[in-house]
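Colleague:
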Amino acid sequence: MLRFWVTPGRGGFSPVELGGSEPAMYVICLGDTYEIDRTEAWDAILAEQPIQATTVSSILGNQRLLATVGQVEARAKDAHVAIFTDAEGFVQHCAGYTVCILTQQDTLVYPPFDYTAPSVTLARMLEMIPEERARSPDDVIVANVQQRKLHISEVLAAKECFLVCTTFTIVPVCSVNGEPIADRKTGLTTLALHYMLDNDILAPPVGVYSPRHLQVPYGYMTGMRSQLV
197 MLRFWVTPGR GGFSPVELGG SEPAMYVICL GDTYEIDRTE AWDAILAEQP
247 IQATTVSSIL GNQRLLATVG QVEARAKDAH VAIFTDAEGF VQHCAGYTVC
297 ILTQQDTLVY PPFDYTAPSV TLARMLEMIP EERARSPDDV IVANVQQRKL
347 HISEVLAAKE CFLVCTTFTI VPVCSVNGEP IADRKTGLTT LALHYMLDND
397 ILAPPVGVYS PRHLQVPYGY MTGMRSQLV
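Numbering-wise, my numbering puts 352 at position 156 of the sequence shown, and it's gapless, one number per residue.
Quick look at the structure:
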C-alpha cells in the first residue's frame, strides 16, 4: 500500500519554523505488517503533558513531537497508545489517531480538531455510516453523531471506544491507565465500522467504475508480464 502526504507549507519534519514555505511531498510504502488482530483491544495511557503551542512551535508542530514522546511512554508502560487531555480532562488528541466513543445512548462522539488535523479516514467513515446502518442495522448501532468536547470520564463510561486512522482504519481501545472500558472487549459496532472501511479500500472488479479508485499502470518496474508494453 502506498501512502502520500502533500503539504503546501514548509517542508521537513522540524517543529520550528525555519526558512520559507516550500511545498513538500512524502511517500511511504507499507506491506501487510500493518494488519492487526482487532479482537485484541488496545490499552491506552494518559499522556503526562497536554498539547499546547510554544514560543518556537505551533500546536500542530508541537503535537507531532509530543505524540512521539507519548508513544514511547506508552510502550514503556506496556500500553499501546497515549491519549492527550487538557488540564480539565478533555481529550485533545491521541498519538496519530482520532478518539471516538459510542455512548450508552448509541451516540458516536469525537473531539474537535483544535489540537490535531482533520482525519480523511474519519470523514469517509462518517460519510458511509448512514448507508451501512441501513444495510446492517444490527451491527452498526449508531443513533447519531456529535463532534464536541469529549471528557476522559466519558471515554471510560462508553459502551465502545475506538481509534480511527489511515493505517489501521479502526482500532478498539479497552482501557485507559488500567481502568477498563465496558467489558474490555472489542465492540460490535467497532468491528463493523472497520470492515466497512476495509471493504471500501478494495478496488472494484475489472470493468466496474469507481469514483474513488484509480488504476495506475506502473509498467515494467513491477516485473509483472501484464504490465510489459
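Where a beta carbon is used, it is the ideal one built from N, C-alpha and C, also for glycine.
Drop a sphere of 10 angstroms on the beta-carbon of residue 223, count the other beta-carbons inside from all chains shown, and report buried for 16 or more, exposed for fewer.
Modeller: Position 27 of the sequence shown, counted from the first residue, corresponds to residue 223. It is exposed - the Cβ of residue 223 has fewer than 16 other Cβ atoms within 10 Å.
Colleague: For residue 241, which beta-bridge partners are listed by DSSP?
Modeller: Taking the sequence shown and counting its residues from 1, one reaches residue 241 at position 45. Partner(s): 278.
Colleague: Alpha carbon to alpha carbon, how far is residue 219 from residue 207? Give it in angstroms, no decimals.
Modeller: By 1-based counting over the sequence shown, the position of residue 207 is 11. By 1-based counting over the sequence shown, the position of residue 219 is 23. Note that residue 207 has pLDDT 49, beneath the 50 cutoff, so the model's placement of it is unreliable and the number below is only indicative. Near 6 Å, if we compare the C-alpha coordinates of residue 219 and residue 207.
Colleague: With H, G and I counted as helix, E and B as strand and the rest as coil, what does DSSP make of residue 346?
Modeller: Looking up residue 346 in the sequence shown gives position 150. In this structure, residue 346 counts as coil in the three-state DSSP scheme.
Colleague: Closer than 8 Å by C-beta to residue 388: which residues in its own chain qualify, once you throw out the five before and the five after it? Chain order, please.
Modeller: Locating residue 388 in the sequence shown gives position 192, counting from the first residue. Same-chain partners within the cutoff: 328, 332, 335 and 336.
Colleague: When the Cα atoms are used, what is the spatial distance from residue 340 to residue 221?
Modeller: Your numbering for residue 340 matches position 144 in the sequence shown. Your numbering for residue 221 matches position 25 in the sequence shown. Each residue's alpha carbon lies about 37 Å from the other.
Colleague: Hey, is the segment 297-304 in contact with the segment 259-279, meaning 3+ C-beta pairs nearer than 8 Å?
Modeller: No, they do not touch.
Colleague: Using the C-alpha atoms, what's the distance from residue 249 back to residue 261?
Modeller: Numbered from its first residue, the sequence shown carries residue 261 at position 65. Numbered from its first residue, the sequence shown carries residue 249 at position 53. Looking at the two C-alpha atoms, the distance is approximately 12 Å.
Colleague: Between residue 286 and the rest of its own chain, which residues show a CB-CB distance below 6 Å, the 5 nearest in sequence each way excluded?
Modeller: In the sequence shown, residue 286 corresponds to position 90, counting from 1. Within the same chain, residue 286 has close Cβ partners 345 and 347.
Colleague: Tell me whether residue 357 is buried or exposed, calling it buried when 16 or more other Cβ atoms sit within 10 Å of its Cβ.
Modeller: In the sequence shown, the residue the question calls residue 357 occupies position 161. So residue 357 ends up on the buried side.
Colleague: For residue 273, which residues in the same chain have their Cβ closer than 6 Å to its Cβ, ignoring the five residues on either side in sequence?
Modeller: In the sequence shown, counting from the first residue as 1, residue 273 sits at position 77. So the qualifying residues of the chain are 241.
Colleague: Where do the ends of the alpha helix (DSSP H) carrying residue 391 lie?
Modeller: To locate residue 391, count along the sequence shown from 1; it is residue 195. Looking at the DSSP string, the run of the alpha helix (DSSP H) that includes residue 391 is 384-397.
Colleague: Quick check on residue 259: buried or exposed, where buried means 16 or more other Cβ atoms within 10 Å of its Cβ?
Modeller: Along the sequence shown, one-based indexing puts residue 259 at 63. Its Cβ being crowded by 16 or more others within 10 Å, residue 259 is buried.
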